[in-house]
Structure formats: C-alpha cells, structure tokens
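Report on one structure; see the data block that follows.
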Amino acid sequence: MTNDDDKTNIQHIYRNKTDKRILKKNPWKDYGLHLSVLLLVIIAELIGPIELNLAKGVTVSIMPLLYTMVLGLVFYLAKPITWIQRKQSRVAEGAMMLFIGVLIAKLAISSGQSIHLIFEMGPALMLQELGHLATILIALPVALLLGFKRETIGMTNSIGREPEVAVVVDKYGFNSPESRGIFALFIVGTIIGTVFISFLTSISVSVLPLHPYAFAMASGVGSASMNAASLGPTLAAFPALETQIEAFAGFSNLLSFSIGIYIVIFIALPLTEKLYEFLEPKIGRDSITDKKGGE
Amino acid sequence: MVEIIDGSENVSVHGIFNWILLLAIFSIITAIGNYIGYQHPMADSLIGMAILSIITLVGVWMERELPFNISSIIYISVIGIVLAFPTMPTSAPLLHYVSQVELLSIVTVFLAYVGIGMGKSWDEFKALGWRAIIITILVIASTYLGSAVVAHIILTLTGVPA
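Those protein sequences? They're chains B and R, same order as listed. Under numbering that gives the first Met the number 0, read the first sequence as residues 0 to 294, first letter to last. Under numbering that gives the first Met the number 0, read the second sequence as residues 0 to 161, first letter to last.
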C-alpha cells in the first residue's frame, strides 16, 4: 500500500461511520432514541453533581455526564426497554460522530478567545503530546508479564482509538496478533475508558499538585468522549479558570487528532517494537493465547 | 474496521437534511439540559447551539467536498478559532451566545449517545479477559498522567504562575 492510501484510510474512519449511518437512513425518525436521551439528560441534570469524600482531602466528583452515559448503556442492555436495540445503538454511534463536531466547535471558540495564551503555552502544549509515550514504558512490561505476546505491540503503543486502530491494522494486517491486541484495547476502552478517566481525573486533581493547565492539556488524550469526561472534574476543581481550561483542552485535543497520528506512526510504534524485542526474551511468559486458542 | 465500504459518499441534499435535523434535535436537548442544570435562558442557548451546529455543518461539508485529505475535526477547530479571534468582528456576538451554552451541558447529551452507542460492543467486551482490562486501565492512566506530568514540568520551567 502506498503512503497516500494509508492517509486516506486513517482520515476517513469517522466519515465512513457517520455517512453509513446517517446518510443512508433517516436517523432523526428514531423518536424513541432521541426522547430517551432527553429523558436521561433531564434525570441527570436534576440529580446534579455528587461529591464523595473518599479519604481526607481526596474527593471524587461524579458528574451528570457519567449518569447519562452509564444509563444509556443500561437502557441498551435492559430487556424491558424494547425501543433501544442494536439499530438505535448504530444510529446513536453515527450521530455521535456528527455531535463530536459541536463539542469541538465549542472548545475551538474558547481556544480562539484565548489565542494569546495558546501561543504563550506553545512549548508545553506540543511537548505534552510526547507524554503519551509513557504508556509504552508502563503498560508494555505488564502486558508481557501477563503473558501477551505480539498482541502487546498493538495494545500498548497508544490510547487505541479509531485512528490508531487504522494505523495498526494497516501496518500488520487485519488477522495479525498486533491487530487483535489493539481491537481488545479499543473495545475495553470504549466500555470503561470514559468512566475510568473521569474517576482518574477526579482523584488526580485532588491529590496531585500539578498545574491546573497541565490537567487541561492532559485531557486531550485523542478521544473526544474521554476528553469530555476528563474535562468535567477538571472544570469542577478549578471553576475560575473555565475558559483557559477549555482552551487548552480543545487545543490539546486538536493536536492529538492532527499530529498525534504521526507520533504513533513514526515514534510510538517503532519504540514499542524495540522495547518488545528487548524485553520479551527477558520477562515474556508462556503465551496465554496459545493455551486458550485465541482470546 | 474491515467493513469500511466506499459507497456513494457525495453529500446529497438528502444527507444535509439529515445532518441538520440531527443537529437540531441535539441542540434542543442540550438547551433543555442547559436550562435545568445551569438556568441559562433557553432562547440564548438555542442561538448558541445554532452557531455551533452551523460551524459543525460547514466543517463536515468541507471534509467531503474539498479535495484535501483533512478531517472535519481540523476544519471545525480552525473555523471556531478564527471566528473567536479577539480582533474579529464576529468575536463579541459569538462569545455572547456560545458562552450561554455550558460545555458540560453539551458533554452530558453527547455522552448519552455514546452510552447507547457503546451498547453493541458489550458482548465483545464480556468475551475479553481481565488481562485486557488491566492493560487498558494502565494504557489510559499512563497516557493521561504522562502528558500531565510533562505539561507540568514545561509549565514550571517556563515560569507560568499557577
């Protein structure tokens, strides 16, 4: 495959999903889906945020955004709710790809408003993208100790959302162990990622003495829903810095989407392979996938 | 990911109509949530959401119609940033209405769709073992904390007051 094909595949994943589900059906006709969302939103906003004191000085805030997401999943899984099925789930996913745009537009307006700050913080914004490489150093050895083989390379090179999945599938082939690894990461990340990062952020802002802007920049991990879920507790912790936090989060997300993919191709994947070749003979275990015949 | 098909992706009038209606539904739900959660007047929120929806539509349309390989996320970001530039005449009215829509109100509605959309991955998720869950948690935590720590170090080195 040529380089151009690579880029086409990577860039058009969002577009394909949206178009397949939105252009060919009439998604607005799914009254049940949209009315359910409205119901979830009303319930969530009426309950409002809840603060839990885990220990002295450690507070976890649970935001309405978590209620709607978890209840949305419950609506899909609950048997009595017959009007939210696989079809609605597909429509919701396609619609979500379009609604990412609204979220991005709101963040971009905060970025534009604070453009002087973005320029001032340029070095921090650019370099924090390289902080994502920490996943290779931490998750890769653990994956080897748990008995993963070449799946490790797909699983630990990045956050593993759509663009990264495309890169790995394109490089190693659809049926390769590397692709199996990133598919697993993608699926688990889809289900638990948003909830997990919301709690992680909540605990981090209350115990880690880092700069408020650092938390804002870090929330742009390269997934719009994780970005959103991480912003909730950050905004709650630093209410006076609302515009700045939105500006940095939005810009960091933009960087993750635009240059993040090249960091994965040119730095993260080669680094993951090198570290794998180096560590696997030393700490690798018997393959769990051989024993169980594929996971 | 293999199921990527290249059907006719040209923007038809029909397609744009679907986008507009979906964005209108999204805007109305967000405005209601924004009123309940933050007591912002419904009319201002709706105008704010209309502005954000138009920027989204233009970005999505540009991705499909312009001959460059650029994702709509980038177009939407650039349009938003430029329109909100402090020196632009659009800046003041734009900020007036868009600031009426809390980011978290948008996120709350957005994540309801995400929750329903993730439902169909549930069976695949259950089939994966606990090992995959541990690795995913480590990957997300180290990606997030890695960049937070790097950002903090650079911010401190460049002398940005907290």
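The C-beta atom is built at its ideal place from N, Cα and C for all residues, glycine as well.
Partners in chain R for residue i, counting only beta-carbon separations shorter than 7 Å
i: S257/B; result: I73
i: S88/B; result: I115, G116, G118, K119
Check: residue i C-beta below 8 Å from any heavy atom of the ligand PLP
i: E150/B; result: The ligand content of the structure shown is nil, which means the ligand PLP is not present either.
Per-residue contacts from residue i into chain B (C-beta, under 8 Å)
i: H151/R; result: L209, H210, A213
i: I31/R; result: L37, V40, I41
Beta-carbon spacing of residue i, residue j below 9 Å
i: S120/R; j: I83/B; result: no
i: T55/R; j: L22/R; result: yes
i: Q112/B; j: M216/B; result: no
i: T155/B; j: L20/R; result: no
i: S224/B; j: M95/B; result: yes
i: V106/R; j: G231/B; result: yes
i: A91/B; j: L38/B; result: no
i: S203/B; j: T58/B; result: no
i: R179/B; j: G153/B; result: yes
i: M48/R; j: F25/R; result: yes
i: T189/B; j: S229/B; result: no
i: I135/B; j: T271/B; result: yes
i: I132/R; j: A107/B; result: no
i: F214/B; j: A147/R; result: yes
i: K78/B; j: E279/B; result: no
Burial state of residue i, where buried means 16 or more other Cβ atoms lie within 10 Å
i: L274/B; result: buried
i: I181/B; result: buried
i: G58/R; result: buried
i: W18/R; result: buried
i: H95/R; result: exposed
i: Y143/R; result: buried
i: G6/R; result: Residue confidence for G6/R is low, a pLDDT of 34 falling below 50, so the modelled location carries little weight and cannot support an answer.
i: N68/R; result: exposed
i: P176/B; result: buried
i: L253/B; result: buried
i: G130/B; result: buried
i: I4/R; result: For I4/R, the pLDDT reaches just 30, beneath the cut-off of 50, and the residue's location in the model is therefore unreliable, although a value from the coordinates is still provided. Flag for I4/R reads exposed.
i: D29/B; result: buried
i: I282/B; result: exposed
i: H115/B; result: exposed
i: A91/R; result: exposed
Chain-ordered chain R contacts of residue i [CB-CB under 8 Å]
i: V69/B; result: G114
i: L234/B; result: L102, L103
i: L145/B; result: R130, I133, I134
i: V141/B; result: I133, I134, L137
i: V36/B; result: I28, V108, A111, Y112, I115
i: S201/B; result: What S201/B touches in chain R: nothing, since even the nearest Cβ is about 12 Å away.
Residues that residue i contacts on chain R, provided the C-beta gap is smaller than 9 Å
i: T134/B; result: L137, V138, I139, A140, S141, T142, G145
i: V57/B; result: Chain R residues near V57/B: none, gap ~16 Å exceeds 9 Å.
i: Y75/B; result: G114, I115, G116, M117, G118, K119, W121
i: S110/B; result: S76, G79, I80, A83
i: R179/B; result: Going along chain R, no residue has its Cβ under 9 Å from R179/B, so there is no contact; the nearest lies around 10 Å.
Residue closest to residue i, alpha-carbon to alpha-carbon, out of the options
i: S52/R; options: K125/R, P66/R, T29/R; result: T29/R
i: A267/B; options: L39/B, L209/B, S157/B, I42/B; result: S157/B
i: P162/B; options: L20/R, M41/R, S70/R; result: S70/R
i: M117/R; options: V194/B, I137/B, V263/B, M154/B; result: V194/B
i: L154/R; options: G121/B, A183/B, Y171/B, K148/B; result: G121/B
i: S88/B; options: W129/R, L110/R, F84/R; result: L110/R
i: I260/B; options: T151/B, Q243/B, A165/B, D29/B; result: A165/B
i: H39/R; options: S26/R, E101/R, F67/R, A49/R; result: E101/R
i: P238/B; options: V40/B, F250/B, Y212/B, F118/B; result: Y212/B
i: I139/R; options: G192/B, M62/B, L76/B, S109/B; result: G192/B
i: H210/B; options: L240/B, I196/B, L184/B; result: L240/B
i: L144/B; options: I134/R, A150/R, I152/R; result: I134/R
i: E64/R; options: A91/R, I15/R, M87/R, A42/R; result: I15/R
i: A113/R; options: Q243/B, A43/B, L116/B, V69/B; result: Correcting the residue identity first, residue 113/R is Val in this sequence and not Ala. Answer by Cα proximity: V69/B.
i: E119/B; options: E123/R, I27/R, S44/R, G158/R; result: G158/R
i: L207/B; options: T89/R, H151/R, L156/R; result: H151/R
i: T242/B; options: E123/R, L103/R, V108/R, V149/R; result: L103/R
i: M62/B; options: V73/B, F173/B, V40/B, K55/B; result: V40/B
8 Å contact criterion, which residue i and residue j should meet: CB distance rounded
i: A227/B; j: L34/B; result: In fact, because the Cβ distance is near 23 Å, the residues do not count as touching under 8 Å.
i: G71/B; j: I115/R; result: 4 Å
i: G32/R; j: G47/B; result: The Cβ separation is near 11 Å, so there is no contact.
i: G221/B; j: F256/B; result: 7 Å
i: G145/R; j: A133/B; result: 3 Å
i: I50/R; j: L93/R; result: 6 Å
i: S109/B; j: E245/B; result: 4 Å
i: S251/B; j: L124/B; result: 6 Å
i: A104/B; j: I75/R; result: 5 Å
i: A183/B; j: L127/R; result: 5 Å
Contacts that residue i makes with chain B (C-beta to C-beta distance below 9 Å)
i: L22/R; result: L97, F98, G100, V101
Contacts that residue i makes with chain B (C-beta to C-beta distance below 7 Å)
i: L93/R; result: I108
i: I54/R; result: A104
i: I35/R; result: I41, E44, L45
i: L51/R; result: V101, A104, K105
At a Cβ cut of 8 Å, what residues of the stretch 59–83 of chain R count as close to chain C, listed as they run along the chain? Given the protein chain composition of this structure (B and R), no chain C is represented.
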